[in-house]
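Asks: The sequence shown maps to residues -3 to 452 in our numbering. I'd like to ask some things about the structure below.
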Amino acid sequence: MRLQLFDLVDESTALLQQKQPIFELVEEKVVGLFKQMLEGEDVDSIAFTSRIKSAKSLKEKMIRNKYYLTCKTALEVLELLPDLIGVKVECRFITDENKIYKQLLKHFKPSYNEYAQCISDSNVFLNLSMPQPQTQRNGFTLYRIDGYYMHEGERVNFEFQIKALVHRFWSEIEHQVVYKNPHIIFNDIFMKSVLSSIYDSLEVVDHQLQIVYEQMLAQSAQNTDFGMSEQGFKSYLARSINDIYSLKMVDSLGFTTDFKKCSAILSQYIYIKDFLNSDNPQIRMIDYFEHFNLLKISEIDFTQPIYLEKDFEHSDPFCDELGKYWQSVLNVDYEWHVFFVMLFAVEPDNNLEDFRKFIEILRNLIIERRWFDEVFNSCSTLVGQMAKDALVQCVAKSMISCGKIEIIFEDKLFKIMQVFRKHVDALSSFCTDDEQLETLLPDSLMHLERKLRSIY
-3 MRLQLFDLVD ESTALLQQKQ PIFELVEEKV VGLFKQMLEG EDVDSIAFTS
47 RIKSAKSLKE KMIRNKYYLT CKTALEVLEL LPDLIGVKVE CRFITDENKI
97 YKQLLKHFKP SYNEYAQCIS DSNVFLNLSM PQPQTQRNGF TLYRIDGYYM
147 HEGERVNFEF QIKALVHRFW SEIEHQVVYK NPHIIFNDIF MKSVLSSIYD
197 SLEVVDHQLQ IVYEQMLAQS AQNTDFGMSE QGFKSYLARS INDIYSLKMV
247 DSLGFTTDFK KCSAILSQYI YIKDFLNSDN PQIRMIDYFE HFNLLKISEI
297 DFTQPIYLEK DFEHSDPFCD ELGKYWQSVL NVDYEWHVFF VMLFAVEPDN
347 NLEDFRKFIE ILRNLIIERR WFDEVFNSCS TLVGQMAKDA LVQCVAKSMI
397 SCGKIEIIFE DKLFKIMQVF RKHVDALSSF CTDDEQLETL LPDSLMHLER
447 KLRSIY
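The structure is reproduced here in structure tokens:
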């Protein structure tokens, strides 16, 4: 014969299932209300999550907390359960937890009772007499507030939590690694000491991340007044391209990837092409403002193939080698596909011409034209040009051999430029005639390729 307490457990879980539609309605209203309270406030709330107590969790809690000793009916169990509905707001840093809590206080009437009534919804009550943050059984703190919602005269309890990212991470550690692990001895002093040390380390990480985040905000604020400065306008272009990419990638595929470094090189390309030597940079700037705003409401499909108007050819060996490679992988390697979708979106004219200009500007970023014209000047024009063509083709082939999109990131291009210039200067200074250059060039090309590949 079964213990009588399990009859109450079964009745409670059955009532929980029966009232599920009511609880879902209350959950939606409570979450919506708290979102509204924090919307537009000077707090870094980043996400809301919520859940209704599951039957399994209710059963565990009833037995663990001995509800069967104090409750006689299933209704009493649900009324006693403080976290029938759980609502959690996540924020970036530990210091933000207190900011959010203080913002909540503004939305409730002062009360001498335990529960204060919400100003904008008289059905919502929070126990603001609870000291915050609460000290948990493990000794750590947590912003946890009991509340309830009056639905047609029936009280539905909910629990509201405020958690920074590191506190959310710590909760997962405790739940999955500690409490779910039957092999850990909870009263072991050494184990508690180790867990406490881990928690302290997480708080240090939180502080360091906050410093980094605030520094990023400060730099971003400095860049908002970009005027016509080179760095300011390139920053604007990069941010705009990255925002458009993120928005349209989610629309097209439902997720996004890191495009920041690609956005940076696209902004550099646009700046060099349209602003560096422009007679009317202000007009071009306005054109881009309007074009980017149009892109935000236009469709960019990352699932459809893209094509050039005809096969790519170029008189320069570097441009020809790299261009033919990119044309061959435009719709094969998805990283390159996405990049060129964005290039052709921000430069909406002729794809082939935009493709050509991008490769030419990339070459000029790596190989400074006036400097390169002067190397091997002690050799004949014919042999000197042959060596130059072989050297730039070597650069293109080494970039292609990497196969990754990182070859066009600014830091990689800068390193390629440094290695290439140093190598060519050394070769040019050593070779004083055609015979020496022709003799040393094959080994020099092999050496250059090894040095370039080491960059990746």
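Ideal placement from N, C-alpha and C gives every residue a C-beta, glycine not left out.
Should Pro301 and Asn327 be called a contact, given that it needs their Cβ atoms to be closer than 7 Å?
Replies: Yes, the pair counts as a contact, with Cβ atoms nearer than the cut-off.
Asks: Cα separation between Glu434 and Ile293?
Replies: If I take the Cα positions, the gap works out to 57 Å.
Asks: Is it buried or exposed, Glu23, if we count other Cβ atoms within 10 angstroms and call 16 or more buried?
Replies: Result: buried.
Asks: Give the DSSP-derived three-state secondary structure of Asp307 in the structure shown.
Replies: Residue state, collapsed to three classes: coil.
Asks: Could you spell out the range, first to last residue, of the beta strand (DSSP E) harbouring Met126?
Replies: Careful: Met126 lies outside any beta strand (DSSP E) and carries neither H nor E.
Asks: Determine the burial state of Gln16: buried for a count of at least 16 other Cβ atoms within 10 Å of its Cβ, exposed for fewer.
Replies: So Gln16 ends up on the exposed side.
Asks: Return the Cβ separation of Val83 and Val26 in integer angstroms, given the expectation that the two are a contact with Cβ distance under 8 Å.
Replies: Confirmed, Cβ separation roughly 6 Å.
Asks: Ends of the alpha helix (DSSP H) at Arg352?
Replies: Its alpha helix (DSSP H) spans residues 347 to 362.
Asks: Short of 7 Å in beta carbon distance, which residues of its chain neighbour Gly223, apart from the five on each side in sequence? Order them along the chain.
Replies: Confidence is the limiting factor: at Gly223 the pLDDT is only 45, short of 50, which leaves the residue's position unreliable, though a coordinate-based value still follows. None.
Asks: Are Tyr144 and Ile158 touching if we call contact CB-CB under 7 Å?
Replies: No, the pair does not count as a contact, with Cβ atoms beyond the cut-off.
Asks: Starting from Arg60 and walking both ways along the beta strand (DSSP E), at which residues does that stretch end?
Replies: It is not in any beta strand (DSSP E) - Arg60 instead sits in the alpha helix (DSSP H) that spans 51 to 60.
Asks: Verify the CB distance criterion: does Gly319 have a CB-CB separation below 7 Å to chain C?
Replies: Any reference to chain C falls outside this structure, which holds one protein chain only.
Asks: Taking Glu370 as the reference, which of Lys353, Glu356, Gln432, Leu423 has the closest Cα?
Replies: Closest by alpha carbon: Leu423.
Asks: Taking DSSP as the reference, what is the three-state secondary structure of Asp6?
Replies: Helix, per DSSP.
Asks: Tell me whether the beta-carbon of Leu444 lies closer than 7 Å to the beta-carbon of Ala383.
Replies: Not in contact: Leu444 and Ala383 (Cβ atoms no closer than 7 Å).
Asks: With a Cβ-Cβ cutoff of 7 Å, do Pro129 and Thr137 count as a contact?
Replies: Taking 7 Å as the Cβ cut-off, Pro129 and Thr137 qualify as a contacting pair.
Asks: In this structure, how does DSSP classify Arg151 when only helix, strand and coil are distinguished?
Replies: Correct three-state label for Arg151: strand.
Asks: Which residues does DSSP pair with Lys84 in a beta bridge?
Replies: Note: Lys84 sits in a beta bridge opposite Thr45, Gln157.
Asks: Under the assumption that Ile362 contacts Leu318 (Cβ atoms under 8 Å), give the Cβ distance between them as a whole number of angstroms.
Replies: In fact, because the Cβ distance is near 10 Å, the residues do not count as touching under 8 Å.
Asks: Please look up how many angstroms separate the CB atoms of His513 and Lys400, rounded, as I've assumed it's under 8 Å.
Replies: Absent from the model: residue 513. The displayed extent of the chain is -3 to 452, so no value can be given.
Asks: Using a Cβ-Cβ cutoff of less than 8 Å, which residues in the same chain neighbour Ile451 once the five nearest sequence positions on both sides are dropped?
Replies: Excluding positions up to five away in sequence, the list reads Lys408, Lys411, Ile412, Val415.
Asks: Which one of Glu199, Leu124, Val5, Thr131 has the shortest CA to CA distance from Leu65?
Replies: Cα-wise, what sits closest to Leu65 is Val5.
Asks: I think Ile18 touches Ile48, with their Cβ atoms under 8 Å apart; what is that distance to the nearest whole Å?
Replies: Ile18 to Ile48, Cβ: 10 Å. No contact.
Asks: Under the assumption that Val201 contacts Val246 (Cβ atoms under 8 Å), give the Cβ distance between them as a whole number of angstroms.
Replies: Not really, about 29 Å apart at Cβ, beyond 8 Å.
Asks: Let me make sure I understand the geometry here. Which of Val379, Met338, Phe229, Ser107 has the alpha-carbon closest to that of Cys427?
Replies: Residue Val379 is the option with its Cα nearest to Cys427.
Asks: Where do the ends of the alpha helix (DSSP H) carrying Tyr452 lie?
Replies: Per DSSP, Tyr452 belongs to no alpha helix (DSSP H) and is neither H nor E.
Asks: Below 7 Å between beta carbons: does that hold for Phe340 and Asn347?
Replies: Contact flag set, yes.
Asks: Taking 8 Å as the limit between beta carbons, can you name the residues of its chain near Gln389, skipping five residues before and five after?
Replies: The answer, listed in chain order, is Pro313, Phe314, Glu317.
Asks: Looking only at its chain, what residues have a beta carbon closer than 8 Å to the beta carbon of Asp468, apart from the 5 residues adjacent to it on each side?
Replies: Summary: the structure shown does not reach residue 468, with the chain confined to residues -3 through 452, and so no result is reported for it.
Asks: Return helix, strand or coil for Tyr108, following the three-state DSSP convention.
Replies: Reduced to three states, the DSSP call for Tyr108 is coil.
Asks: Per DSSP, which residues does Val120 bridge with? Please list them.
Replies: According to DSSP, Val120 bridges with Tyr145.
Asks: Does the contact criterion of 3 or more C-beta pairs under 8 Å hold for the region 49 to 65 versus the region 84 to 96?
Replies: The region 49 to 65 is not in contact with the region 84 to 96.
Asks: Three Cβ pairs or more, each shorter than 8 Å: is that satisfied between the region 60 to 75 and the region 105 to 123?
Replies: Flag = no, the region 60 to 75 and the region 105 to 123 do not touch.
Asks: Any idea what DSSP makes of Arg417, helix, strand or coil?
Replies: Here Arg417 sits in helix by DSSP.
Asks: Give the secondary structure of Cys114 by DSSP, where H, G and I count as helix, E and B as strand, and everything else as coil.
Replies: Looking at Cys114 - three-state DSSP - the assignment turns out to be strand.
Asks: For Tyr267 and Ile96, I'd like the C-alpha separation in whole angstroms.
Replies: For Tyr267 and Ile96, the distance between alpha carbons rounds to 42 Å.
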